[in-house]
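In terms of the working numbering, the sequence shown has 350 at position 331, counting the first letter as 1, and numbering is strictly consecutive. In this text, a Cβ means the ideal position worked out from N, Cα and C, and glycines have one as well. Every value quoted in this text rests on a predicted model; they were computed, and no experiment measured them.
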Amino acid sequence: MRLYWILRIFISSLCLLWTLNLPAQTNPNILDFSDAKIISAETGYTSAPFTLHYPLTSEIDKITFKNNLAPFLRLGFNYKWFVVRFSIPNIGNIRDASNYGTTKQYNLGMDFSFKKVYYDFEFKYIHGFSIQDANRWDSTLDDVHRNSIQPKIQSLNISANAWYFHHKDFKMGALLGKRSYYTKLVHTWYVKGTMNFFGVDTKNGGLIPTILQDEQNSKTMSSTFSAFDVGFVPGYAYVNRFKNWQIAGWAGFGPVIQAKYYQVNGDFRGFLGLAPRYDIRIMGGYTTPKHFLFLVTDFDNKSIRFNDLIYRQSFYTIKLVGGYRFPIKENKHSEFLERIKL
């Protein structure tokens, strides 16, 4: 057991990242602090609720599944090309375990920018869900303990994304506010290329409770819904600064080509089709040359349609990011002033 926790913390929580040592460039829209030593901390949580839509009874046409929330804490240090981050993944579940059960989460990711393109790679695994308001059909539950705990249900999301921002000054690093921030309005159109593998499954019968399953439709007895899709999502991005406050975000919508399947009693059945995708990210906060504090949100929707049965899942992260930039040494001060001249 001790070895398990050592490996988990070492593999999932400690990462050393080296970024390209690119020379700082003069930019009239961005203040750059690449030469400053920066310490930062962030805390938040990731959730992945999903729903199954189907006319199960005359009164029930949707079942909602939610995971327990497990906050994370990350500490970081930036200086020029060197970045080190230490992460403590699951501090502990904060929702009532008698109604939401316990959830284990593993979140790994990597992101970087090159010229006009921002790249992001993510791995999200969540184990342990609860069916909301299951007392509507389960007589063993009541108004106090209304949810059905499903510890065998697990969810997986693996994604690779690339955003091309048309405006050359729209930089992800300045949006996040750690190593730089904006001085004025910048907005642009963008195109996101996306590739995803995702789904849910259970090792304990079907995802839909037996009492609600439709014997005339085998999909309601499925233990797995999963898909692989690729596509392009166009959208619009915006960032602006009001005194020391910065607000930014983007929104887009587009189709993806999707290979989808479900599993019943070990038999897989697959189909090919189209699915809609929206792309939303919002962030904002307070930043000065020494301090910064940002609220960052990230929403990633997934969906699969099998005629009248629809699976929808939303992976979202909400976090607070704060930090301090140490003053630049005197021998670098004049160079820094030249860089930030408007």
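With contacts defined as CB atoms closer than 7 angstroms, Asn320 and Tyr297 qualify as a contacting pair.
With fewer than 16 other CB atoms across the displayed protein chains lying within 10 angstroms of its CB, Glu234 is exposed. Uninterrupted beta strand (DSSP E) stretches at least 3 residues long and entirely within the stretch 68-108 occur at 69-72, 81-85, 91-98, 101-107, given in chain order. Beta-bridge annotation (DSSP): Lys143 is paired with Asn126, Asn176. Taking all protein chains shown into account, Leu75 has 16 or more neighbouring C-beta atoms within 10 Å of its C-beta and is therefore buried. With a 10 Å radius around the Cβ and a threshold of 16 neighbouring Cβ atoms, Ser77 comes out exposed. For the set Leu204, Lys81, Ala55, the Cα lying nearest the Cα of Ile49 is the one of Leu204.
One alpha carbon belongs to Phe287, the other to Ser237, and they sit about 11 angstroms apart. Cβ-Cβ separation between Ala89 and Tyr64: approximately 6 angstroms, consistent with a contact (criterion under 8 angstroms). Counting only unbroken stretches of 3 or more residues, the beta strand (DSSP E) elements lying wholly within the stretch 268-342 are 286-306, 310-325, in sequence order. With contacts defined as CB atoms closer than 7 angstroms, Ser117 and His185 fail to qualify as a contacting pair. Membership of Leu195 in the alpha helix (DSSP H) is indicated by the continuous run 191-195. Under the three-state reduction of DSSP output, Lys171 falls in the strand class. Remark: three or more beta-carbon pairs, one from each stretch, lie closer than 8 angstroms, so the stretch 166-182 and the stretch 216-234 are flagged as touching.
With a cutoff of 7 angstroms on beta-carbon distance, Lys81 and His72 are scored as near each other. When the alpha-carbon of Gly224 is set against those of Gln282, Gly342, Ser132, the nearest one is in Gln282. Ranking Glu61, Ser149, Met302 by CA distance to the CA of Thr83 puts Ser149 first. In the DSSP assignment, Ile266 is bridged to Asn259, Gly303. Closest in alpha carbon position to Ile337, among Ile329, Tyr330, Thr316, Pro308, is Thr316. Between Val210 and Phe272, the CB-CB gap reaches or exceeds 7 angstroms. In this structure, Ile323 sits near Phe244, with a CB-CB distance shorter than 7 angstroms.
If you draw a straight line from the Cα of Pro47 to the Cα of Pro295, it comes to about 38 angstroms.
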